[in-house]
Amino acid sequence: FPQEKAVVAPVPPELDYDLWLGPAPQVEYMQKRVHPSHNLDARPGWMRNLDYSDGMLCNWGAHLNDIAQWGAGTERTGPVEITATGKFHDDKVWNVLESFNARYQYASGLEFHYVMGAPHVRFEGEKGWIQVNYPSTIKASDPAILRDKIKPGEIRFPLRSEKTDFIQGVKTRGQTLEDAEVGHRTTSLCHLANISIKLGGAKLKWDPEREIFPGNDAANKLIDVAAFRSPWKLEA
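Residues 10 to 245 in my numbering are what the sequence shown spells out, letter by letter.
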């Protein structure tokens, strides 16, 4: 994200700005808040404003945490403990997390670590580790791991384009590879970290069945979107 000046400007003629804002707060147009004109490859400014997005915590999290939970067999549940810290942009328009570090503990003892950095997924076990860097570089602690074949009964995921998968689901009315429950659990990981950060890096207990923070009224209040979106400032 190159830094941009927060300059109020005329709305581009091709943009229906009222429609773009939708239910978000009514504010004057500026390119920094929306998206560079006629540049589909540019990162949008809205991704760095809490009125529209929770930043890279949820952007990459929706992709990478999904893969990690699938590999761990936890895509229909969640952690039992969360601790997260983060640093926010010191900017009136770009005010999402600039960096974050989240750790999750699952009932099985599995530890899950999600940190801002180059996008990748890494699995660590008794025999070593295997890692895929976005978009397609794969490596392992031992090359033999990459030659290992998936055995009957082990986790297997039929890979295909998510776009093709969605279209096939619409046409056939069949189940997509990742249904609404899986999407909800993936997104929840991101927001659980957000809540911990908002509470100053608090270690939070989480009940993945009831989806509440047992005995923690302050954390449970932040499950509500309106409460979470209320003005706040965290000292890094």
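From the three backbone atoms N, C-alpha and C, an ideal C-beta is built for every residue, glycine too.
Remember, predicted model here, so these are calculated numbers, not experimental data.
Hey, residue i and residue j: beta-carbon distance below 7 Å or not?
i	j	result
leucine 106	leucine 66	yes
glutamate 84	lysine 214	no
threonine 195	aspartate 75	yes
Just to confirm my understanding: we take residue i, look at its own chain, exclude 5 residues before and 5 after, and list those with CB closer than 8 Å. What are they?
i	result
proline 167	Leu186
histidine 129	Leu73, Gln140, Val141, Asn142, Tyr143
alanine 127	Asn142, Tyr143
alanine 51	His44, Pro45
glycine 162	none
Have a look at residue i and residue j and give me their C-alpha separation to the nearest angstrom.
i	j	result
threonine 92	alanine 116	15 Å
histidine 72	arginine 42	24 Å
arginine 131	glutamate 13	34 Å
isoleucine 147	phenylalanine 109	24 Å
leucine 243	arginine 219	Low local confidence applies: a pLDDT of 44 at leucine 243 is under 50, so the model's placement there is unreliable, and no value is given.
lysine 101	isoleucine 206	19 Å
glutamate 37	glutamate 23	16 Å
glycine 178	lysine 172	10 Å
tryptophan 29	asparagine 68	19 Å
alanine 211	lysine 180	45 Å
histidine 193	glycine 183	19 Å
proline 32	tyrosine 26	12 Å
glycine 118	serine 145	29 Å
Given residue i, which residues of its chain have a CB within under 7 Å of its CB, disregarding the five upstream and five downstream residues?
i	result
arginine 57	Phe10, Gly64, His98, Trp103, Val105
isoleucine 221	Asn229
alanine 227	Leu208
serine 170	none
Can you check which of these residues, the options, is closest to residue i by C-alpha distance?
i	options	result
glutamine 114	Gly82, Gly87, Lys41, His129	Gly87
alanine 202	Arg52, Lys96, Ile76	Lys96
methionine 125	Ala227, Ala33, Arg112	Arg112
valine 20	Leu208, Pro45, Asp151	Pro45
glycine 54	Asp27, Asp25, Val16	Val16
serine 150	Asp157, Arg156, Gly137, Gly162	Gly137
glycine 80	Leu231, Gly210, Ile154, Glu133	Glu133
tyrosine 61	Asp174, Pro34, Gly82	Pro34
glycine 82	Glu120, Lys212, Gly31, Asn48	Glu120
tyrosine 123	Asp157, Glu163, Gly70	Gly70
alanine 39	Gly192, Asp25, Ala18	A small correction: the amino acid at residue 39 is methionine; alanine does not occupy that position in the sequence shown. Checked all of Gly192, Asp25, Ala18; the closest Cα to methionine 39 is Ala18.
glutamine 78	Glu190, Asp216, Val234	Glu190
valine 234	Ile176, Asp216, His200	His200
Please go through the same chain and pick out, in chain order, the residues whose beta-carbon is closer than 6 Å to the beta-carbon of residue i, but skip the five residues on each side of it.
i	result
proline 159	Reading off the sequence, residue 159 comes out as isoleucine, not proline. Excluding residues within five positions, the ones whose Cβ falls inside 6 Å are Arg165.
glycine 224	none
leucine 155	Ala149
leucine 198	Asn74
What three-state label does DSSP hand residue i in the structure shown?
i	result
leucine 213	strand
lysine 172	helix
threonine 83	coil
serine 197	helix
threonine 185	coil
asparagine 225	coil
leucine 231	coil
histidine 129	strand
lysine 207	helix
glutamine 140	strand
glycine 192	helix
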